[in-house]
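Chains as they are written, first to last, in the numbering used here: chain L, 545 to 704; chain G, -12 to 173.
Inspection log for the structure reproduced underneath, given as structure tokens.
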């Protein structure tokens, strides 16, 4: 028996090196999958806002382009780009995507994110969500759980 | 009946610790040769090899027996070799490499490939001068006789990129072997 084999087998016998369970790897795999989905949803939501928010503010200024740049929420764009980069990295690192050229992975993931974000922005999602948040704030004010700030404050008090 | 690598790994996964000894028996020499060619340093090579087997044992339950075990364990060895290279990349003893490279080649590799020891020594030295990414692909393709797909699976790069690295690596090596067909030596 070689020295190397001897050393390794001794470490194994003495339980100095322990085998990780199958459940550990199942859990890790599930975690990565959930992470990818959650990250994708977050990035799509941010991209949706970058389409939605400027559109809501358009038509107010004389110079449409200047106005467009002034109303684009750049921090959301930045966050979306960073998020998209991280998402691509996770996909490339933890799935079989390495078989494709990185440029293809970047292109396809970016395209899916941008299209999904745009479709979300033209749907009723943002209005529905805005109304939902407003209603939630009102009901929190009504039950006394709210912190007394925000748009729902006045309505909540009037409702009383 | 001959047991495949994957059959033995299933035994290890089922809790048969001794079966891992068989895994070591099968992969010790080829992995040593691979890591040695990558690093060109005996001490680091032994450490990296031991680390490779320990990590393989620890994570053996993440291996899917439907896939090829050799690719899986070579992937771990590749990661370890890169880690050691980054730590000690400049500590390369070329003479030692040439000497050991002559010893680790088995007969199959020698036959029809390497006609004289001088060229082989020169090749071992030349390999250590080219960038690691090209060196690795050349080692896998010409010494370990892996297919493009297997190399792609081990180093996690597209098959096309493997081909590109191979051709660039050969081009780099050719600089050391003017007027000699590099394919013949490899």
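The beta-carbon is built from N, C-alpha and C at its ideal position, and this holds for glycine as well.
- Put simply, of 74/G, 67/G, 107/G, 162/G the residue whose alpha carbon is nearest the alpha carbon of residue 123/G is 67/G.
- With a threshold of 7 Å between beta carbons, residue 564/L makes contact with chain G.
- A check of alpha carbon separations from residue 7/G across 43/G, -12/G, 36/G, 26/G identifies 43/G as the nearest.
- Taking the C-beta atoms as reference points, residue 590/L is found no nearer than 7 Å to residue 629/L.
- With 16 or more other CB atoms across the displayed protein chains lying within 10 angstroms of its CB, residue 24/G is buried.
- The beta carbons of residue 113/G and residue 160/G sit closer together than 7 Å.
- Each residue's CA atom was taken as its position, placing residue 119/G and residue 63/G some 16 Å apart.
- For residue 560/L, the secondary structure class from DSSP, reduced to helix, strand or coil, is coil.
- Chain L places a beta carbon closer than 7 Å to that of residue 143/G, counting this residue as a contact.
- Its chain contains 632 as the residues whose beta carbon lies nearer than 6 Å to that of residue 653/L, once the 5 sequence neighbours on both sides are disregarded; these appear in chain order.
- For residue 48/G, the closest of 60/G, 71/G, 38/G by C-alpha to C-alpha distance is 60/G.
- If you ignore the 5 residues before and after residue 579/L, its C-beta comes within less than 8 Å of the C-beta of 634, all in its own chain and listed in chain order.
- For residue 128/G, same chain residues with a beta-carbon under 7 Å away, outside a window of 5 residues either side, are 138, 153 in chain order.
- A distance below 6 Å between beta-carbons, with the five flanking residues on each side excluded, links residue 620/L to the following residues of its chain, in chain order: 590, 593, 594.
- Around the beta carbon of residue 559/L, a 10 Å sphere encloses fewer than 16 other beta carbons of the protein chains shown; the residue is thus reported as exposed.
- Taking residue -6/G as reference, the option from 33/G, 45/G, 54/G, 36/G with the minimal CA-CA separation is 54/G.
- Residue environment analysis places residue 568/L among the exposed positions, since fewer than 16 neighbouring C-beta atoms fall within 10 angstroms of its C-beta.
- Residue 548/L and residue 640/L have their C-alpha atoms some 33 Å from each other.
- By the CB criterion at 7 Å, residue 155/G and residue 130/G fall outside the cutoff.
- In summary, the residues of the stretch 14 to 38 of chain G whose CB is separated from some CB of chain L by less than 8 Å are 15, 33, 36, 37, in the order they occur in the chain.
- Close partners of residue 56/G in chain L (Cβ separation under 9 Å) are lacking, with about 15 Å as the shortest Cβ gap.
- Scanning its chain for C-beta atoms nearer than 7 Å, with the 5 sequence neighbours on each side dropped, one finds around residue 75/G the residues 28, 31, in chain order.
- Taking the Cβ atoms as the reference, residue 146/G lies roughly 16 Å from residue 132/G, outside the contact range of under 8 Å.
- Proximity of residue 634/L to chain G, defined by a Cβ-Cβ separation below 7 Å, is not satisfied.
- Contact residues of the stretch 619 to 652 of chain L toward chain G are 642, 643, 644, 645 (C-beta to C-beta distance below 8 Å).
- Note on residue 140/G: 16 or more other CB atoms within 10 angstroms of its CB, so buried under the neighbour-count rule.
- In this structure, residue 665/L keeps its C-beta atom at 7 Å or more from the C-beta atom of residue 588/L.
- At a C-beta separation below 9 Å, residue 45/G has these neighbours in chain L: 561, 562, 563, 564.
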